[in-house]
Amino acid sequence: MGRHLLSFLLFSFLLVARGQYAPLVTSDTLSQIEWVNDQYSVMSLDEKISQLFMVMAASGNDKAGIEITKGLVKEHKIGGLIFSRGGPLQQAKLTNEYQSLAKTPLLIGMDAEWGLAMRLDSTYAFPWNMTLGAIADTAVVSKVGYQIGKHASRIGVHINFAPDIDINIDPRNPIIGNRSFGEDRENVALKGIAFMKGMESAGVLSSGKHFPGHGDTFVDSHKSLPTLDFTRQRLDSIELYPFKKLIKEGLSSVMVAHLNVPDLEPENGRPSSLSKKIITNLLKNELKFEGLVFTDALNMKGVSNFASNGITELEAFLAGNDILLMPKDFKKCKDTFIKAYQNGLITDRRLAYSVKKILMAKYKVGLHEYRPVDTNNLLEDLNSPENDVIYEEAIENAITVVSDKLNLIGIKKLENKKIAYVKFGDGVNSTFLETLKKYAKVTQVNGKDIATLKKKLFDYNLIIIGLHKNNDSPWKPYKFSQKELFWLQEISRQRTSNVLLTVFAKPYALLDVVSYQYVDGVVMAYQNSRLAQQKAAEVLFGAVSAKGVLPVSVSSEFPVNTSVKTKALMRLGYSQPERVGMSSSKLAVVDKLVQNGIDSLMFPGAQVLIARRGKVIYNKAFGKPTYKSEDSLTTNHLYDLASLTKILSTLPAVMKMEEDGKIALNDTFQDLIPEYADTELKDVSVLKALSHYGRLPSWIAFYLATLNEKRRPSPEFYRNNPSDEFSIKITDGLYLTDSYKDSIYNRIGRQSLKSNRYRYSDVPYYVFKKYIEDTYNSGLDRLIDNYLFKPLGANYTSYNPLDKFSINTIVPSEVDTYYRYKVVHGYVHDMGAAMQGGVGGHAGLFSNANDVAKIMQMYLQGGYYGGDRFLNARTIEKFNKCYFCDKKVRRGVGFDKPQLEAKGPTCGCVSRKSFGHSGFTGTFTWADPEEEIVYVFLSNRTYPSSTNRLLVKSELRSRIQKAIYDSLINEAEN
């Protein structure tokens, strides 16, 4: 007891007097010191020397190498291992095996600067440092550091050789580049601190590298010895600056690079990793660094050519390094060290200094209570949805608008835009193009030569050029080709269009652009990952704001810290469930429910979309267009929306007219159609009609009166070919007489009022359609397209979709055996809408789930979307109100509302403020302002027969809605 107390008092004195080991000290200092002393006291000289080495751990299928590693651990009591290649499960198992053989637990290290994927397959790659350097909010960088640390800890790694805090001044730097946070010393220091603290909060030691700074060189120290030929003043103000800052913040370790720095080490050719002047005098004494000091890998040419095996490592130790990383020949090194000890070159004090520091580090990472790596669910833990959430937030904050001369970003006035996309580079681009197309009609244009390309681009007024380079590692080629540089100038000089350049590569790619005179905007996305492509498209269209800051200089026009901030336009973005407080695992129930619906023959296929807080977090297609289709359904297929038309087309038109004073809720049918003044319908008000409390019939089967005695379309009303008198196209080969339009409205006028109760009715929407068209002297389809769909970017939404889309992209609705006697495919299913040329106030729209969600999101946002105000918030509030709830009428003004009793259109778990609608063909959409949720379900349950009511009976749409609400995470508890 007395010996331990004396050791503790002596150690405590050192801690107080010199701050020794401060970054490695734990809160339970007494226990830590006792463990360190106990471990050290039972070590032989061989074991103490072995603690100084961290060797490369064999992995993969290298059975012979694995046995050699086992021998180093068991027989030579090696201090640590660094893993480099393989897979996570295999590494975890080997770590457990190696640790089981160790007398003193091994310190496990890895190079995982952007995550385990830097070295291991089947793991996650986070953004590179250059990307993180563009982020203004250091808290985001800390999150990345924490997640990387969490992954390292999960796999049994105790020290991650990160962050790289080199200041990358030379764009030619072949080894640092994207691994640096940039060229601004303050930025590098701030991001380095944030990353370090995030990672260490996960229980993993950090390592600042490459001391004294590897950023301003164009030589790779893996291959030869780079020279930093700068004055001490310059080194102090630039290269050393981040190290000073991180040391003050508690940096755990420093990795010393193999560099020739004449102003710090006068001996010609002596690498910094072997320099006592640089390590002991500068790093330890001047900068007062008290953590672990690692050499960079000692098998690198930058140092291994200096002296023979063993001597190099000894020189490194005597210079002041604590841990010698990846020696070329450990056994020879060990023999050299023993001889040096015996000759007095290595003293007991010097040996204890480093070994005890190493043991302090081992205690800090929990090796005094070593537990094997739990391999259960390892891959799942390392590849959780949380990774994408963190990456997405990082890249969203990093993407930088470098230039925006005409304020084109985010792109507005979509109705006036004809947009082309031109791909440069050899990297993938599919996510970028797919995401662009979610916002507007964007056409990829290709050309075998510049003349052909320019000719094709002539008719477009906005050209988006994307440079896509390989994203596999930060060292991949990043430059434009000479052809692409020439094409960029030629395309941008053709001033028939604006040009926006988006770069998915290292920012230095912009250095080669000859002129930006005619390039109207430049967006730097930094990487060509899936999420970088997605978020860059969102920045271009204003779904998210641009916040990034250029971390390096890329031209005289665009120096370091260039940044053009843009504001979000409140367009839907695309994200992960966890980003908006929802659980991916719980939302998996939706997949099962929809698949069950297909398996139970409720419908052949469906689209389901879920959005929350302005972000689509689920958008999937299931099944096929028909049961016999060979191709699978996609999210771009168009469905007949049926009665969703009411709230997506007619209702917004009526709401706008109400704002403009062209209609009022207390107006009556005789006000809208004077011919109804002498009918029973004359006093039906707009309010009651839209609330389905107007005593109107549910629907009128107009088509029945046009069939002959064989229940076939009568020649009196139909022709097989169009003519001046028969121009209303019902389907291919069937044209209705134009005169029947008046017959429809005459028949409506002859209707008797029904009993005074809630009765859902299509009839008012015939009336509203006529009134809208008469008021504006234009068809409803053209009016709503120009007023809402085009400006909104709902470019997949249309009446009569065959006028714009291929039939292969449209889902069939029914095999009609009662009116058209053929497959209803590309034509509206509803007979009344068909008899109005496919344009009904109550039916006729086709769309996909993504476009439906845009309109519903516009409602949620109080009538504002994409930089345009379509409706006033007060108008939406007025129409989203139940005026006759006391009469057991749940409906709002046009909108359906939650049920008043046990059963109804929803799961019963939505707020009273929520609203939506359903459609006969198997469609449904609902929006909830309180939870900010939009839900869209599209199916063709009517195929092959509308008599199939399994979807309705099963209440599947409501059960899916229940699963959505069950997936909400109680964020107050997290």
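Quick note on my numbering: the sequence shown kicks off at -8 and runs consecutively.
All C-beta atoms, glycine included, are put in the ideal place defined by N, C-alpha and C.
With 16 other Cβ atoms within 10 Å as the buried cut-off, status of residue i
| i | result |
| --- | --- |
| Glu569 | buried |
| Arg948 | buried |
| Gly907 | buried |
| Asn276 | exposed |
| Asp102 | buried |
| Gly(-7) | At Gly(-7), the pLDDT of 46 sits below 50, so the modelled position is not reliable; the number obtained from the coordinates is stated separately. So Gly(-7) ends up on the exposed side. |
| Phe477 | exposed |
| Phe209 | exposed |
| Leu695 | exposed |
| Pro803 | buried |
| Ile160 | buried |
| Lys279 | exposed |
| Arg703 | exposed |
| Thr916 | buried |
| Val33 | exposed |
| Leu(-3) | Reliability fails at Leu(-3), whose pLDDT of 46 lies under 50, so the model's placement of it is uncertain and no value is given. |
| Gly71 | buried |
| Gly204 | buried |
| Asp590 | exposed |
| Asp112 | exposed |
| Asp966 | The structure shown does not extend to residue 966, since the chain spans only -8 to 965, so no value can be given for it. |
| Pro468 | exposed |
| Asn839 | buried |
| Leu501 | buried |
| Gly62 | exposed |
| Thr422 | buried |
| Ile798 | exposed |
| Ala893 | exposed |
| Gln224 | exposed |
The ligand SAM heavy atom lying under 8 angstroms from the CB of residue i
| i | result |
| --- | --- |
| Leu492 | This structure lacks the ligand SAM; in fact it carries no ligand of any kind. |
Beta-carbon proximity of residue i to residue j, cut-off 9 angstroms
| i | j | result |
| --- | --- | --- |
| Pro1033 | Ser198 | The chain is shown from -8 up to 965; residue 1033 falls before or after that span and cannot be answered. |
| Tyr354 | Val27 | yes |
| Lys781 | Leu405 | yes |
| Gln480 | Tyr509 | yes |
| Val135 | Phe186 | yes |
| His142 | Leu107 | yes |
| Phe594 | Arg562 | no |
| Gly416 | Phe471 | yes |
| Tyr762 | Leu663 | yes |
| Asp220 | Pro257 | no |
| Ala602 | Gln848 | yes |
| Pro118 | Tyr361 | no |
| Phe911 | His816 | no |
| Ala597 | Ser375 | no |
| Val513 | Val393 | yes |
| Tyr726 | Asn712 | yes |
Rounded distance between the beta-carbons of residue j and residue i, thought under 8 angstroms
| i | j | result |
| --- | --- | --- |
| Lys292 | Lys200 | Lys292 to Lys200, Cβ: 18 angstroms. No contact. |
| Ser554 | Val540 | 4 angstroms |
| Gln435 | Leu424 | 6 angstroms |
| Met967 | Met317 | The requested residue 967 does not occur in the structure, where the chain is confined to residues -8 to 965. |
| Phe928 | Ile960 | Phe928 to Ile960, Cβ: 22 angstroms. No contact. |
| Ala534 | Ala516 | Rounded, the Cβ-Cβ distance is 14 angstroms, inconsistent with contact. |
| Ala193 | Gly140 | 3 angstroms |
| Ile455 | Ala644 | Incorrect: roughly 32 angstroms between the Cβ atoms, too far for contact. |
| Ser133 | Lys188 | 6 angstroms |
| Thr641 | Tyr756 | 5 angstroms |
| Pro154 | Gly183 | 5 angstroms |
(request) Let me know the beta strand (DSSP E) ranges lying completely inside the segment 260 to 320, each 3 residues or longer, listed in chain order. (result) 283 to 286
(request) Report yes or no: do the segment 446 to 464 and the segment 485 to 500 share at least 3 C-beta pairs separated by less than 8 angstroms? (result) yes
(request) Assess, as a yes-or-no matter, whether the segment 830 to 837 is touched by the segment 782 to 791 under the definition of 3 or more beta carbon pairs within less than 8 angstroms. (result) yes
(request) Jot down the residue ranges of each uninterrupted beta strand (DSSP E) in the segment 372 to 448, minimum 3 residues, whole runs only, in chain order. (result) 391 to 395, 410 to 415, 433 to 435
(request) Evaluate the contact criterion for the segment 884 to 895 versus the segment 553 to 569: three or more CB pairs, one atom per stretch, below 8 angstroms. (result) no
(request) Run through the segment 764 to 808 for me and flag every whole beta strand (DSSP E) of 3 or more residues, listed as ranges in chain order. (result) none
(request) Kindly provide the ranges of any alpha helix (DSSP H) runs that are 4 or more residues long and lie completely inside the segment 836 to 861, ordered along the chain. (result) 840 to 851
(message) With three or more C-beta pairs closer than 8 angstroms as the rule, is the segment 731 to 741 touching the segment 658 to 676?
(response) Output reads yes: the segment 731 to 741 touches the segment 658 to 676.
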